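Chemist: Numbering (the numbering used here), first residue to last: 4 to 116.
Backbone N, C-alpha and C define an ideal beta-carbon position, used for all residues, glycine too.
Values in this document were obtained by computation on a predicted structure and should not be read as measured data.
Please see the structure below; I have some questions.
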């Protein structure tokens, strides 16, 4: 291998990475522009049709409410699973495990609030 290869190869590989990185950036920008155009068209159509706008807004509200209920159900499921787990362990370990579990749940709740 010639001494010049040690200089040229890193330069070429660096340039290649820059070219590939630029292509990814351009693709990402194009995606964002397409999203913006779609948003503009949707807003225009909703502004032209107040009845459809209200229906769409109500549907989004229902979807959000369903997601909140889903999260709440997940919390209740975790809570009941923890209770069930405590019921399954031997009596002499239950108090210790219950205290430790309660401390962990309090930490999780504090982080989420």
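1. Output yes or no for whether 7 Å exceeds the beta carbon distance between residue 91 and residue 101.
2. In whole angstroms, what separates the C-alpha of residue 53 from that of residue 67?
3. Just reading off the alpha helix (DSSP H) that residue 52 is part of, what are its end residues?
4. Among 65, 86, 82 and 69, which one has its Cα closest to the Cα of residue 3?
5. Closest to residue 108 by CA distance: which of 95, 26, 27 and 79 is it?
6. Once the 5 residues before and after residue 49 are set aside, which same chain residues still bring their CB inside 7 Å of it?
7. Among the candidates 106, 46 and 69, whose CA atom is the shortest distance from the CA of residue 85?
Modeler: Quick look at the numbers:
1. Contact flag unset, no.
2. Put simply, the backbone Cα of residue 53 is about 21 Å away from that of residue 67.
3. First-last for residue 52: undefined, no H or E at that position.
4. Because the chain spans 4 through 116 in this model, residue 3 falls outside it and cannot be assessed.
5. Closest by alpha carbon: 79.
6. Correct list, in chain order: 55, 56 and 59.
7. Here the closest residue by C-alpha is 106.
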